[in-house]
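S.K.: This is the structure I have questions about; it appears just below.
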Amino acid sequence: MKRFMVVQHSYSEFLGPIEKQLESRDIGFQYQRPFLGADLPGTATQHDALWLLGGAYPVTDSEACPWIDDEMRLIGLFKRMKRPIVGIGFGALVVVQYEGGMVHEEPYFNAYFTTCHKTEAGRDDLLANAVDGKTMLVMYNGSADLPAGIDPIVVDDNGNWLAIHPDELTYAMLFRPEIKPGMIEDMIMEDNRPLPDNIGELLEQARAHWVQTQKNTAEVSLALVSALDLMTEHRKMPVFSLHVVKTDDPE
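Heads up: the sequence shown begins at 1 in UniProt numbering, then just goes up one per residue.
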């Protein structure tokens, strides 16, 4: 069975409606939760793809996110195994940092709805075409400058980058197809979570856009499945369980 590793960075942010899209394609997923103190796996051999989800802090906040170096190492493992990687929100910034981009703490909050626009670099890109002209929620903390040689495939109304496709097996996107209104409600209820001043307005907009958002999520999921060949199951190393067998002493 195809199985994805999903790195979750906060209580409220998970795959949301993307879970249903994956399950309908017979794709399983396993959440890793370093924000709860769990160690990230040291291998990519048991999974077919890596997903890095959103988070509540900038990736520069080493106190709130002490696992970033381990997450960067995990990206390297999946790249060496030639297995797909998808970064969303916080996860997108981690991918950009891995690729050599410069990350910043400010602006601390970036949370708004915008129209997505594909660029010349994204002219033939499946994901860029899937979101072109569609209204999407953008939500992340901090910012990242793209490294030289990597051009955005999608930008927002102001020309800010929203998605990159740095190699054939990697996507990073700042728009959030996985967020549903209930997740925003959970963010509001989450203890000590920093929130943008317009969080109430975003919740109302998310509710208003929900019917179209579900369609957008389905199209984004299909684009990622096709572009990254996510239906391909990779060979996985066998997992051995060692049992000590007692034998009679020959003496």
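The C-beta atom is built at its ideal place from N, Cα and C for all residues, glycine as well.
Whole angstroms is fine: what's the gap from Leu146's alpha carbon to Thr135's?
M.R.: Stepping through the sequence shown from its first residue, residue 146 is reached at position 146. Stepping through the sequence shown from its first residue, residue 135 is reached at position 135. C-alpha separation (whole angstroms): 23 Å.
S.K.: From the DSSP output, read off the bridge partner residues of Val225.
M.R.: For this step, residue 225 is matched to residue 225 along the sequence shown. Answer is none; Val225 lacks a bridge partner.
S.K.: Can you give me the Cβ contacts of Leu127 inside the same chain, cut-off strictly under 8 Å, excluding the 5 residues immediately before and after it?
M.R.: Against the sequence shown, residue 127 aligns to sequence position 127. Excluding residues up to 5 positions away in sequence, Ile153, Val154, Ala163, His165, Tyr171, Met173, Val220, Ala223, Leu224, Ala227 lie with their Cβ nearer than 8 Å to the Cβ of Leu127 in the same chain.
S.K.: Helix, strand or coil, according to DSSP, for Asp69 in the structure here?
M.R.: Against the sequence shown, residue 69 aligns to sequence position 69. DSSP places Asp69 in helix when its eight states are reduced to three.
S.K.: So for Ile179, helix, strand or coil by DSSP?
M.R.: By 1-based counting over the sequence shown, the position of residue 179 is 179. Reduced to three states, the DSSP call for Ile179 is coil.
S.K.: Out of curiosity, what's the CA-to-CA distance linking Leu77 and Asp186?
M.R.: Stepping through the sequence shown from its first residue, residue 77 is reached at position 77. Stepping through the sequence shown from its first residue, residue 186 is reached at position 186. For Leu77 and Asp186, the distance between alpha carbons rounds to 32 Å.
S.K.: Can you tell me whether DSSP reads Tyr11 as helix, strand or coil?
M.R.: For this step, residue 11 is matched to residue 11 along the sequence shown. The answer is coil: DSSP assigns Tyr11 none of H, G, I, E or B.
S.K.: Hey, could you find the ends of the alpha helix (DSSP H) Tyr98 is sitting in?
M.R.: On the sequence shown, position 98 is the one that residue 98 refers to. 90–98 is the span of the alpha helix (DSSP H), which, as asked, contains Tyr98.
S.K.: Any idea what DSSP makes of Leu137, helix, strand or coil?
M.R.: Residue 137 sits at position 137 when you count from the first residue of the sequence shown. The answer is strand: DSSP assigns Leu137 an E or B state.
S.K.: In whole angstroms, what separates the C-alpha of Pro84 from that of Leu53?
M.R.: As a working note, residue 84 is residue 84 in the sequence shown. As a working note, residue 53 is residue 53 in the sequence shown. The alpha-carbon atoms of Pro84 and Leu53 are separated by roughly 14 Å.
S.K.: Report the CB separation of His47 from Met1 in whole angstroms; it is logged as a contact under 8 Å.
M.R.: Sequence index remark: in the sequence shown, residue 47 carries index 47 (1-based). Sequence index remark: in the sequence shown, residue 1 carries index 1 (1-based). Incorrect: roughly 11 Å between the Cβ atoms, too far for contact.
S.K.: Taking the CB atoms as reference points, tell me whether Lys215 and Pro17 lie closer together than 8 Å.
M.R.: Position 215 of the sequence shown, counting from 1, holds the residue named residue 215. Position 17 of the sequence shown, counting from 1, holds the residue named residue 17. Their beta carbons are not under 8 Å apart, which means Lys215 does not touch Pro17 by this criterion.
S.K.: Check whether the region 90–101 touches the region 57–75, taking contact to mean three or more Cβ pairs, one atom from each stretch, closer than 8 Å.
M.R.: yes
S.K.: Please return the same chain residues whose Cβ sits closer than 7 Å to the Cβ of Ile188, not counting the five positions on each side in sequence.
M.R.: As a first step, residue 188 must be located in the sequence shown, where it is residue number 188. The residues are Leu195, Ile199.
S.K.: What's the call for Val211, buried or exposed, on a 16-neighbour Cβ count within 10 Å?
M.R.: As a first step, residue 211 must be located in the sequence shown, where it is residue number 211. So Val211 ends up on the exposed side.
S.K.: Distance, Cα to Cα, Lys82 vs Leu36?
M.R.: In the sequence shown, the residue the question calls residue 82 occupies position 82. In the sequence shown, the residue the question calls residue 36 occupies position 36. Going by the C-alpha atoms only, they are around 28 Å apart.
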